[in-house]
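J.: As numbered in the working numbering, residues 4 to 86 make up the sequence shown, in order.
We put the beta carbon where it would ideally sit given N, CA and C, even for glycine.
Owing to the predicted nature of the structure, the values given are computational and were not obtained by experimental measurement.
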Amino acid sequence: MTESKEQDKLLKRINELAHKNKNEGLTEEETKERARLRKQYLKNFREAMRSNIEMMRIYDDNGKEVTPEKVREVQRKKGLRDD
4 MTESKEQDKL LKRINELAHK NKNEGLTEEE TKERARLRKQ YLKNFREAMR SNIEMMRIYD
64 DNGKEVTPEK VREVQRKKGL RDD
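#1: In the DSSP assignment, the alpha helix (DSSP H) including glutamate 27 goes from what residue to what residue?
#2: Measure the C-alpha to C-alpha separation of methionine 59 and lysine 25 and round it to an integer number of angstroms.
#3: By DSSP's criteria, glutamate 68 is part of a beta bridge. Which residues make up the other side?
#4: Taking the alpha-carbon of glutamate 57 as reference, which of Pro71, Ile17, Thr34 and Gly66 has the nearest alpha-carbon?
#5: DSSP state of lysine 12, grouped into three classes?
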């Protein structure tokens, strides 16, 4: 399953539980499931965001690269940079 489809599936179930909670309340098992799903959703989101940031290069208006050194170091460690 692709990352986006997994996130969509998690979010759909989280929303189902949220609506049920609002309308009729959740069982203890559903409350635990909701907490587990939220935790997994946030973990996946953070991993994807970190990957996006680590892959990006930033340039100023003159075309000079201004990617922060910390990001450049991570890119070098992952073999994404030659400099």
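T.: The short version:
#1: As a first step, residue 27 must be located in the sequence shown, where it is residue number 24. Careful: glutamate 27 lies outside any alpha helix (DSSP H) and carries neither H nor E.
#2: Numbered from its first residue, the sequence shown carries residue 59 at position 56. Numbered from its first residue, the sequence shown carries residue 25 at position 22. So the two alpha carbons sit approximately 40 Å from each other.
#3: For the purposes of this step, residue 68 is taken as the residue at position 65 of the sequence shown. Per DSSP, the beta bridge partners of glutamate 68 are Tyr62.
#4: If you number the sequence shown from 1, residue 57 lands on position 54. Nearest of Pro71, Ile17, Thr34 and Gly66 to glutamate 57, Cα basis: Pro71.
#5: Counting from one through the sequence shown, the residue named residue 12 turns up at place 9. When secondary structure is reduced to three states using DSSP, lysine 12 falls in the helix class.
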